[in-house]
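The structure under discussion appears below in the form of structure tokens.
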Amino acid sequence: MTTSVPAAGGAPRRRPGSAGRRQARAAWLFMLPTMAVLGVFVVWPMLQALYLSFTDYEVFTPARWIGLENYRALLSDPAFGNALVNTLYYAAVTTPVSVALALGLALLLNRRMPLRGFVRTAVFVPVVISLAVVAIAWSFLLDPNIGLLSHWLSQIGIVSEQGWLRDPSLAMPAVMIVGIWKNVGFYMVMYLAGLQSIPTALYEAARVDGAGPWPRFRRITWPLLANQTMLIVILAAIATLQAFDQIFVMTHGGPFFRTETLVMMTYRIGFKEFQFGYAAAISWALVLLIFVLSMLQVAYFRKRSVTY
Amino acid sequence: MRLRSRTWLVTMTAAIALMSTACAGQGQGGGDAGGSGGPVTLKFWNGFTGPDRAAVEGIVSKFNSSQDKVKIEMEIMPWDVFFDKLLPSLGSGTGPDIAAMDTAQIPQYAARNVFQPLDDLYGPQGIDENVLVRSAVDATVFKGKRYGVPMNFTTLKLYWNKDMFREAGLDPDKPPADWDEFGDYARKLTKDTDGDGKPEQYGLAIADHATIAMWPILFWQNGGGVVSEDGRTAMLDDPATIEAARHWAGLITKDKIAPVGLSGADADKLFQSKKAAMEIVGPWMTTGFEQAGIDFGIAMPPAGPKARVTLGTSVAFTLSSRATGQKKQAARDFFAYWNSKESQAYWSANSGFPPNRTDLTADELKGNPYSALFGQDADKSRFYLAGVQEFQKVNETLFEPALQRVLNGKGDIEQVFGQADKEIQAVLDNAQ
Numbered sequence: 001m002t003t004s005v006p007a008a009g010g011a012p013r014r015r016p017g018s019a020g021r022r023q024a025r026a027a028w029l030f031m032l033p034t035m036a037v038l039g040v041f042v043v044w045p046m047l048q049a050l051y052l053s054f055t056d057y058e059v060f061t062p063a064r065w066i067g068l069e070n071y072r073a074l075l076s077d078p079a080f081g082n083a084l085v086n087t088l089y090y091a092a093v094t095t096p097v098s099v100a101l102a103l104g105l106a107l108l109l110n111r112r113m114p115l116r117g118f119v120r121t122a123v124f125v126p127v128v129i130s131l132a133v134v135a136i137a138w139s140f141l142l143d144p145n146i147g148l149l150s151h152w153l154s155q156i157g158i159v160s161e162q163g164w165l166r167d168p169s170l171a172m173p174a175v176m177i178v179g180i181w182k183n184v185g186f187y188m189v190m191y192l193a194g195l196q197s198i199p200t201a202l203y204e205a206a207r208v209d210g211a212g213p214w215p216r217f218r219r220i221t222w223p224l225l226a227n228q229t230m231l232i233v234i235l236a237a238i239a240t241l242q243a244f245d246q247i248f249v250m251t252h253g254g255p256f257f258r259t260e261t262l263v264m265m266t267y268r269i270g271f272k273e274f275q276f277g278y279a280a281a282i283s284w285a286l287v288l289l290i291f292v293l294s295m296l297q298v299a300y301f302r303k304r305s306v307t308y
Numbered sequence: 309m310r311l312r313s314r315t316w317l318v319t320m321t322a323a324i325a326l327m328s329t330a331c332a333g334q335g336q337g338g339g340d341a342g343g344s345g346g347p348v349t350l351k352f353w354n355g356f357t358g359p360d361r362a363a364v365e366g367i368v369s370k371f372n373s374s375q376d377k378v379k380i381e382m383e384i385m386p387w388d389v390f391f392d393k394l395l396p397s398l399g400s401g402t403g404p405d406i407a408a409m410d411t412a413q414i415p416q417y418a419a420r421n422v423f424q425p426l427d428d429l430y431g432p433q434g435i436d437e438n439v440l441v442r443s444a445v446d447a448t449v450f451k452g453k454r455y456g457v458p459m460n461f462t463t464l465k466l467y468w469n470k471d472m473f474r475e476a477g478l479d480p481d482k483p484p485a486d487w488d489e490f491g492d493y494a495r496k497l498t499k500d501t502d503g504d505g506k507p508e509q510y511g512l513a514i515a516d517h518a519t520i521a522m523w524p525i526l527f528w529q530n531g532g533g534v535v536s537e538d539g540r541t542a543m544l545d546d547p548a549t550i551e552a553a554r555h556w557a558g559l560i561t562k563d564k565i566a567p568v569g570l571s572g573a574d575a576d577k578l579f580q581s582k583k584a585a586m587e588i589v590g591p592w593m594t595t596g597f598e599q600a601g602i603d604f605g606i607a608m609p610p611a612g613p614k615a616r617v618t619l620g621t622s623v624a625f626t627l628s629s630r631a632t633g634q635k636k637q638a639a640r641d642f643f644a645y646w647n648s649k650e651s652q653a654y655w656s657a658n659s660g661f662p663p664n665r666t667d668l669t670a671d672e673l674k675g676n677p678y679s680a681l682f683g684q685d686a687d688k689s690r691f692y693l694a695g696v697q698e699f700q701k702v703n704e705t706l707f708e709p710a711l712q713r714v715l716n717g718k719g720d721i722e723q724v725f726g727q728a729d730k731e732i733q734a735v736l737d738n739a740q
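Residue numbers (my numbering), protein chains in the order written: chain A, 1 to 308; chain B, 309 to 740.
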């Protein structure tokens, strides 16, 4: 900042280079507050966690450097294997289902229909409510004794004796449903924005050429939404790989770790069992997993991006 | 432009300075306060958010107004929040001086030097251990040192719903006396009125996770347990433990006397909403059950084949290892006040817990009918995982999931408990 002060002396004619530098400086200044916040609250803690992952740290005793020991332990820890499988399973189901549902809802709500505003709002509302709060509401709905949803389901012959959240085979689907319900509205809005940016002329031309609804979707809508789809799939995958809130509230990772994801396990190992070094290693394994998957997704979608 | 950039620089510098002082301010909370003159302030955290909250607040405010040397600043939060915050806050120096917790939780903190031994607070000058419930004081011992002072003590008792007993043709004033009657009554009290295979009313509410220990009582009654009484040997693969688990798991999965997968709170709710006829739990539920209009009885849990035993449980005050000198003296004054005759009479009258002291007369305890009941049979009570360093790992990571697997029919009892037994033994050995 100080070096550029002399240049600001008010010379009547500026050389282009100086203007460029001035612009760059302005840009940096605009970004600085955000960068400061990200630096202090995201980057610094992440680096701190990276350091801790190479130590044996229990808060009160000083961290002891143990090199790759934590990472080596991860490879043979059945609990980590279980949490990894649960995380991938959760992501592999909720990501495509959320994206497909969001696209379907966007297509439906992009046309004129009665109560369109109401339905759009209803789908979007869960996005702005705290997941922890709605998870409590869902727990009540699914309660086997007093739950509204369990009651309705029992009317049509679907009886879960233990209740969804206590049943080892139904607990995961239950938290998946809540995860999807919570996020689908956000992705729908992104798709709606994408749909509205497609020129109607393309559809008119296709209609003149005699293309039906499916070819129009297949040849115009879907390719032109490719950018949205890429962004949404990547965002959704990152979000689902970090699933925590509703699981924490609804099942706490149970019954017997059937819904324990990597973030849940990080919490348990760190805050319940006080092995902060090991917990940091788990969270960095997750960072690597997300990074690799996101890169693969970008590479995949790059090849398929289309412009007309 | 020069002016603007300088303004900006000043603003930024100020902001950074402000941030760093804010951070530094956080770090200073742990230092000794009140060097001269003013009272010593002690931060006290606990999780008494239930109906007993008022009684805790009552004694603390009485203590604060009874003298002007020590001031207790109390923060009450739900137990899960409490345990999430405790270690990080103590590590960063912003934590409490006094933290109250179940005695089973103390060793995992004591082992990490988070708390200090309190042996020197006991004695005629301070806290007189001879008038306190002995097992409650003993439960604070870790590696030969006492790390706590009792805040409360109670045994668990069998609650039964008298109306449901009447309806099922049982004598409402006669609780089950042994395992045979216990199982038999539970079967009679279980009803599936609409025939969908899921009972509308259960004989028993028993929790298998996130709960005060209920299953271990059944193991003890048969001569088994999760770990041995000295806390050194895992006992899940002991034939007595396996037999007890098989007996009750059979009644639950085949006869459906109790739902599978309840947490402690779920079990309480089930009894409170009149969907379960019996539950083994402590005095903290009396208020809730009364408010629900339940006509209930309280008795010693039915005797098992080998022993007549129930759970004893206690919350104790602990002191941060950073609270030394004046603060430690102040804490001793508070602990002694809490365990004084007057405070204990107040505590039992307002919470339904029995007093921590053994020298209160029946007359002094008549304020609350439950208080004396829960104090009975203290000599037939046993603490769960007392002195075991890694309570969390042994109980929540290993024992409870194994129990849940068995109750959900995922694996044979011998194999699941055998595996958990090995893993628990490894944790116990590792802590030696």
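Note that CB positions come from ideal geometry on N, CA and C, so glycine has one too.
Quickly, what does DSSP pair B:Met382 with across the bridge? List them, please.
Locating residue 382 of chain B in the second sequence gives position 74, where the first residue counts as 1. The partner list for B:Met382 (beta bridge, DSSP) reads B:Phe352.
For the alpha helix (DSSP H) holding B:Asn438, just list the boundary residues, first then last.
In the second sequence, residue 438 of chain B corresponds to position 130, counting from 1. Counting along the chain, B:Asn438 falls outside any alpha helix (DSSP H), and DSSP gives it neither H nor E.
Is B:Ala607 helix, strand or coil by DSSP?
Translated into the one-based positions of the second sequence, residue 607 of chain B becomes position 299. DSSP places B:Ala607 in strand when its eight states are reduced to three.
Taking the C-alpha atoms as reference points, what is the distance between B:Gly620 and B:Ser689?
Position 312 of the second sequence, counted from the start, is the residue given in the question as residue 620 of chain B. Position 381 of the second sequence, counted from the start, is the residue given in the question as residue 689 of chain B. In a straight line, the C-alpha of B:Gly620 is about 5 Å away from that of B:Ser689.
Looking at C-beta atoms only, is the number of pairs between the stretch 484-491 of chain B and the stretch 606-615 of chain B that lie closer than 8 Å three or more?
yes
Looking only at its chain, what residues have a beta carbon closer than 7 Å to the beta carbon of A:Ala19, apart from the 5 residues adjacent to it on each side?
One-based indexing of the first sequence puts residue 19 of chain A at position 19. If we look at A:Ala19 and ignore the five residues flanking it on each side, it has no Cβ neighbours.
Below 8 Å on the Cβ atoms is my contact criterion, and I expect A:Met313 with A:Ala79 to pass it. Report the Cβ-Cβ distance as a whole number of Å.
Residue 313 of chain A falls outside the range modelled here, since chain A spans only 1 to 308, and no answer is possible.
Short Cβ contact (9 Å threshold) for B:Thr463 with B:Thr618
In the second sequence, residue 463 of chain B corresponds to position 155, counting from 1. In the second sequence, residue 618 of chain B corresponds to position 310, counting from 1. Yes.
A:Leu350 versus B:Asp428, B:Pro567, B:Met522, B:Asp545, residue with shortest Cα-Cα distance
Residue 350 of chain A is absent from the model: chain A starts at 1 and stops at 308.
Between which residues of its own chain and A:Ile198 is the CB-CB distance below 6 Å, once the five residues before and five after are set aside?
Residue 198 of chain A sits at position 198 when you count from the first residue of the first sequence. Excluding positions up to five away in sequence, the list reads Leu224.
Opposite A:Met35 in the DSSP bridges: which residues?
Translated into positions along the first sequence, residue 35 of chain A becomes position 35. The partner list for A:Met35 (beta bridge, DSSP) is empty, contrary to what the question assumes.
Check distances from the C-beta atoms of the stretch 398-431 of chain B to those of chain A and list, in chain order, the residues that come in under 8 Å.
Leu398, Gly399, Gln416, Arg420, Asn421, Val422
Going along the chain, which residues of the stretch 494-510 of chain B sit with their C-beta nearer than 8 Å to a C-beta in chain A?
Asp504, Gly505, Lys506
Under 8 Å from the C-beta of B:Ala518: neighbouring residues of chain A:
To locate residue 518 of chain B, count along the second sequence from 1; it is residue 210. His252, listed in chain order.
Which residues share a DSSP beta bridge with B:Ala624?
The sequence position of residue 624 of chain B within the second sequence is 316, counting from 1. According to DSSP, B:Ala624 bridges with B:Met409, B:Pro458.
Cβ-based neighbour list, B:Pro507, same chain, cut-off 7 Å, excluding 5 preceding and 5 following
As a first step, residue 507 of chain B is located in the second sequence; it is residue number 199 there, counting from the start. Excluding sequence neighbours, B:Pro507 sits near Thr498, Lys499, Asp500, Lys564.
Once DSSP output is grouped into helix, strand and coil, what is the label at B:Ala739?
Residue numbering aside, residue 739 of chain B sits at position 431 when the second sequence is read from its first letter. The answer is helix: DSSP assigns B:Ala739 an H, G or I state.
What's the call for A:Val298, buried or exposed, on a 16-neighbour Cβ count within 10 Å?
By 1-based counting over the first sequence, the position of residue 298 of chain A is 298. Per the 10 Å Cβ criterion, exposed.
Could you tell me which chain A residues have their CB closer than 7 Å to the CB of B:Gly660, listed as they occur along the chain?
Here residue 660 of chain B is taken as the residue at index 352 of the second sequence, counted from 1. Going along chain A, no residue has its Cβ under 7 Å from B:Gly660, so there is no contact; the nearest lies around 26 Å.
B:Arg713 CB to nearest chain A CB: under 9 Å?
Walking along the second sequence from the start, residue 713 of chain B turns up at place 405. Yes, contact with chain A.
Applying the 10 Å Cβ sphere with the 16-neighbour rule, what's the burial state of B:Thr305?
Because chain B in this structure spans residues 309 to 740, residue 305 of chain B falls outside the shown range and cannot be described.
Touch check for the stretch 665-674 of chain B and the stretch 587-604 of chain B: three-plus C-beta pairs under 8 Å?
no
If we ignore side chains and look at the alpha-carbon of each, how far apart do B:Ile588 and B:Ala513 end up?
Along the second sequence, one-based indexing puts residue 588 of chain B at 280. Along the second sequence, one-based indexing puts residue 513 of chain B at 205. For B:Ile588 and B:Ala513, the distance between alpha carbons rounds to 8 Å.
DSSP-derived helix/strand/coil call for B:Tyr645
As a first step, residue 645 of chain B is located in the second sequence; it is residue number 337 there, counting from the start. In this structure, B:Tyr645 counts as helix in the three-state DSSP scheme.
Beta-carbon proximity list for B:Val378, same chain, < 7 Å, skipping 5 on both sides
Working through the second sequence from its first residue, we reach residue 378 of chain B at position 70. Excluding positions up to five away in sequence, the list reads Pro347, Val348, Leu350, Ala638, Asp641, Phe642.
Please report whether the beta-carbon of B:Ala330 lies at a distance below 9 Å from any beta-carbon of chain A.
Counted from its first residue, the second sequence places residue 330 of chain B at position 22. A caution first: B:Ala330 carries a pLDDT of 41, below 50, which makes its placement in the model unreliable, though a value can still be read off. False, the Cβ-Cβ gap to chain A never drops below 9 Å.
Taking only three categories from DSSP, how would you classify B:Asp729?
Taking the first residue of the second sequence as position 1, residue 729 of chain B is located at position 421. If DSSP states are grouped into helix, strand and coil, B:Asp729 belongs with the helices.
Identify, in the order they occur along the chain, each residue of the same chain with its Cβ nearer than 6 Å to the Cβ of B:Asp729, setting aside the five sequence neighbours on each side.
Indexing the second sequence from 1 puts residue 729 of chain B at position 421. Excluding residues within five positions, the ones whose Cβ falls inside 6 Å are Ala542, Leu544, Asp545.
Within 9 Å (strictly less), CB to CB, does B:Gln700 reach chain A?
Taking the first residue of the second sequence as 1, we reach residue 700 of chain B at position 392. Chain A, which has a Cβ nearer than 9 Å to the Cβ of B:Gln700, makes this yes.
Sort out for me which residues DSSP pairs A:Ser76 with in a bridge.
Within the first sequence, numbered from 1, the residue matching residue 76 of chain A stands at position 76. Answer by DSSP bridge pairing: none, since A:Ser76 is not bridged.
Same chain, Cβ closer than 6 Å to B:Glu570, neighbours up to 5 away in sequence not counted
Against the second sequence, residue 570 of chain B aligns to sequence position 262. Reading off the sequence, residue 570 of chain B comes out as Leu, not Glu. These residues qualify, in order along the chain: Ala515.
What are the uninterrupted segments assigned as beta strand (DSSP E) that are 3 or more residues long and contained completely in the stretch 81-151 of chain A, given in chain order?
none
Look at A:Leu262 and A:Leu75 and say whether their C-beta atoms are less than 9 Å apart.
Reading the first sequence from its first residue, position 262 is the one you call residue 262 of chain A. Reading the first sequence from its first residue, position 75 is the one you call residue 75 of chain A. No, they are not a contact pair.
Through-space distance from B:Pro591 to B:Asp685, alpha-carbon basis:
What you label residue 685 of chain B is simply residue 377 of the second sequence in a count that begins at 1. What you label residue 591 of chain B is simply residue 283 of the second sequence in a count that begins at 1. One C-alpha to the other measures close to 14 Å.
List, in order along the chain, the chain B residues whose C-beta lies closer than 7 Å to that of A:Phe271?
For this step, residue 271 of chain A is matched to residue 271 along the first sequence. Within chain B, the residues near A:Phe271 are Asp392.
Buried or exposed for A:Val292, please, with buried defined as at least 16 other CB atoms from any protein chain shown within 10 angstroms of its CB.
Taking the first sequence and counting its residues from 1, one reaches residue 292 of chain A at position 292. The residue is exposed, with fewer than 16 neighbouring Cβ atoms inside 10 Å.
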